[in-house]
Structure formats: C-alpha cells, structure tokens
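The structure under discussion appears below in the form of structure tokens.
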Amino acid sequence: MINRLRLEPKELKLLRFLSCRLELPLKDENHYLNLEKGYAGELHFDRELQDLPDSCIILNDLLLENSNTHFQIDTLLITGGTIFVFEVKNYEGDYYIENERWYSLLSKTEIKNPLLQLQRSETLLRGLLKDFGFHLPIKSHLIFINPCFHLYQAPINMPAVFPPQVKRFLEKLKAVPNVAKSKNMKLAERLKARCLKENPYVRKPEYTYDQLRKGIVCGSCSAFLVPITQGFLKCEKCGSKEKMDTAVLRSVEEFAVLFPDRKITTNTIIDWCDGIGSKKVVQRILVRNYEKKGKGKSSYYQRCQREDIVNAGEEVGWITSENMGGKEKW
Ligand SMILES: [Zn+2]
106 MINRLRLEPK
116 ELKLLRFLSC
126 RLELPLKDEN
136 HYLNLEKGYA
146 GELHFDRELQ
156 DLPDSCIILN
166 DLLLENSNTH
176 FQIDTLLITG
186 GTIFVFEVKN
196 YEGDYYIENE
206 RWYSLLSKTE
216 IKNPLLQLQR
226 SETLLRGLLK
236 DFGFHLPIKS
246 HLIFINPCFH
256 LYQAPINMPA
266 VFPPQVKRFL
276 EKLKAVPNVA
286 KSKNMKLAER
296 LKARCLKENP
306 YVRKPEYTYD
316 QLRKGIVCGS
326 CSAFLVPITQ
336 GFLKCEKCGS
346 KEKMDTAVLR
356 SVEEFAVLFP
366 DRKITTNTII
376 DWCDGIGSKK
386 VVQRILVRNY
396 EKKGKGKSSY
406 YQRCQREDIV
416 NAGEEVGWIT
426 SENMGGKEKW
C-alpha cells in the first residue's frame, strides 16, 4: 500500500496550544474539541486501512480546488479501476434523520447533513479528474468510525459504512481486483501536486502574547510542569516526568506555531517558559536544534529549512510498505 502521510492539521495544533494557555471563548473551545475528535476518528480509520494490499494507493487529507471552490477529502483510495472517497465521522451517541435532515437525539438539535458535504466533494473531484483527463468511477462513503454511534431512520441505500460494518467493508476493498498501478500512481501524483498548502478558510482566534499563560505545558496532559531535580520537570496533575531539554524544545515549537511572525531568541524563550531553564540551558537547546541567524544581540533562531517544509505541509512524502520498515506507519 502506498500512502500519503496524514499530518496533524495546523489549526488543531494551534488551538490545542492555545487552549492550555488561555481560556478560549466557548465557540472556539467547541470547535477545538470537534477538531480533536474528528482527527482522532481519521487516525482510527487510517489504522483500519493499514492492511490493505500493496496495489492500493491512499491519499490522506486532501485540500483541493476546482472552479474556485475549495474542498477537502479525508481519505481517498485508488484501488482497481475505482476511486473511493471517504468522509470520516467520529460522531458519538444517537442521531436520527427526518425529511433528509439530521438531528442529535439527545439535544434534538439539527446537525449539518454530512451527505451533502460528501456529495459536494465528489462533484468537485469529478470535475478535477475530468480536467486531468482521467475518467475513473468515484464511489463515495461516509465512514462512521465510533462504536458508540447509532443512526435511526437511515435509508437502506445511503452510502454509509456504520461501525459494525467497517471490517466487512474493508474485506470487500481487499478483494477489489488488481490493475496496473502505474496509471493509478500518475493520477495520485497529479492530485498530490494540486493540493493546497493552506486552508484559506481557517479562522484563527484573536490573542496576544501578554494574554497567554507562560510556562511549560505537560506533554501528557494540559497542566504546567514544575522543576524538580537538575534537568528534570514534573507534572503535578498527572505525575509525568520529563527532561528539561525535550520540554523546552516542545515549548519553542508551541511558540513558533502561536507566533509565527515573532523571532525566536534566547530571552524570548526564557520568558515564554516563565523562567524555567537558565540562559545557558535555553541557548544550548536552541543551538542544537535550530539554525542561528545574525550575530550578537540581534541574533535569533530559525527552524532548519527541511523541517519548515514538512511543517508547512508543502512536501508530504509517500510512505510505502517497503520504506515503512518496522516503524510506526502513521
Ligand atoms: Zn501532566
């Protein structure tokens, strides 16, 4: 199986970092929790797909544009002579459909009809494939991945795979007859090349440096770490212990995501970490992991170029069964 790596969405990362250091307005907090849940669902489905045969090509998290309209595909699978589009939903609890509208049973509130989103993506993708000169059939499905989800009054012909059906659905995919991979690969390369780097519709909450709590956030929960012995920090909430170096480095990453326009300097990071870590320690960590620019008082640090590219999602490589080795696939 060939796979385009799924990266953690930038928006999710930003909101996660922000939520530890600032009380988000309820709307942003809910949006953040939905993103976390959605991403967890996508990773869950990724794990389900990992045993597909070598002839399958998977493209994760595609942000594309056709006729000046943006659309996003969670998972696109090319196998045999067919393209499968999957919209993964990690909904939990009971829902029902009435007059083609979707509702949560508990709150009786209407939710966005996920079928409309799926149909929209399929139409836009079909247009894009036509431009490329590919005429493969597209089969789209909603994938409900959470075992605690139930949908009442779903029409029998709805293009959806419900939690108890996922395994059987995957068995069917595995049985799709193999075809020459080269043509499929060409299409995958075309789609990958057309992927947009940034989602223009991401709404960033407003915040300033002064509003955010300073310190080092625990890597396992959202509490703050306190220094214990030389070179080690501890979380008083979950009990995790962490080396100063990795904890400071993680905080620098957070700073870079939250304040992409601000320069990373030793003093800035000392302040950001609320004085945890001496000047000597912070400088050593920055020198080891970042590229130093400028001299003397005006010097600052930058992420090395390659890491920048990966973080910006500009160059997302292919993972194949061969180069995966014994490592984690995702
Ligand atoms: Zn913790």
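Just add 105 to the spot in the sequence shown (first one is 1) and you have the working numbering.
Cβ atoms here follow ideal geometry from the backbone N, Cα and C, with glycine treated the same way.
Annotation for L210: G198, D199, Y200, Y201 and Y257 place their beta carbon closer than 8 Å to its own, counting only its chain and skipping 5 residues before and after. DSSP, reduced to helix, strand and coil, places K213 outside both helices and strands of the structure shown, so it counts as coil. Membership of E116 in the alpha helix (DSSP H) is indicated by the continuous run K115 to R126. For a cut-off of 8 Å, the C-beta gap from N195 to I250 is around 6 Å, short enough to register as a contact. Judged by beta-carbon spacing, L354 lies beyond the 9 Å limit of N289, meaning their Cβ atoms are not closer than that value.
Here T371 is buried: its Cβ has 16 or more other Cβ atoms, across all protein chains shown, within 10 Å.
Taking the CA atoms as reference points, I375 sits about 18 Å from E347.
When C-beta atoms of the stretch 306-321 are compared with those of the stretch 113-128, three or more pairs fall below 8 Å, so the two segments count as touching. The straight-line gap separating the alpha-carbon atoms of V322 and G399 is approximately 30 Å. At a Cβ-Cβ threshold of 9 Å, L363 and L296 do not count as neighbours. For the options T187, D133 and E153, the alpha carbon positioned closest to that of V284 is the one of T187.
Of the candidates Q407, K277 and L220, the residue whose Cα lies closest to the Cα of N262 is L220. Taking a contact to require three or more Cβ pairs closer than 8 Å, the stretch 148-158 and the stretch 173-185 qualify as touching. Excluding residues up to 5 positions away in sequence, L169, E170 and L233 lie with their Cβ nearer than 8 Å to the Cβ of R299 in the same chain. If you ignore the 5 residues before and after S404, its C-beta comes within less than 8 Å of the C-beta of T370, K397 and K398, all in its own chain and listed in chain order. By alpha-carbon distance to S383, the top candidate from K342, C409, C343 and G336 is G336.
Annotation for A328 indicates a beta carbon within 8 Å of some heavy atom of ligand 1.
If you look at F364, you'll find it isn't in any beta strand (DSSP E); DSSP assigns it neither H nor E.
Taking the Cα of S325 as reference, the smallest distance to any Cα among P260, K339, P332 and R318 is reached at K339.
As DSSP reads the structure, E347 sits in a beta bridge with L338. The beta carbon of L317 lies closer than 8 Å to those of L123, R126, L127 and L363 in the same chain, with the five residues before and after it left out.
Contact between I243 and E227 is confirmed by a C-beta separation of about 6 Å, below the 8 Å threshold. By the CB criterion at 9 Å, L241 and V190 fall outside the cutoff. Here H175 is bridged, per DSSP, to E170.
The beta carbon of R206 sits closer than 7 Å to the beta carbons of E215 and N218 from its chain, once the five residues preceding and following it are set aside; these are given in chain order.
Within 8 Å of the C-beta of C378 there is not a single heavy atom belonging to ligand 1.
Judged by beta-carbon spacing, L278 lies beyond the 9 Å limit of P264, meaning their Cβ atoms are not closer than that value.
The straight-line gap separating the alpha-carbon atoms of K402 and Q388 is approximately 13 Å.
Going by beta carbons, F239 and L292 fall inside the 9 Å limit.
Per DSSP, the continuous beta strand (DSSP E) segment holding E396 begins and ends at E396 to K398. With respect to the C-alpha of E116, the residue from L131, L138 and P130 having the closest C-alpha is L138. Residues F189, V190, F191, E192, L223, Q224, S226, E227 and P264 of the same chain have their beta carbon placed closer than 8 Å to that of S245, with the five preceding and five following residues left out of the count. Excluding the 5 residues flanking it on each side, F274 has same chain C-beta neighbours closer than 7 Å at V266, in chain order.
For P269, the three-state secondary structure derived from DSSP is helix.
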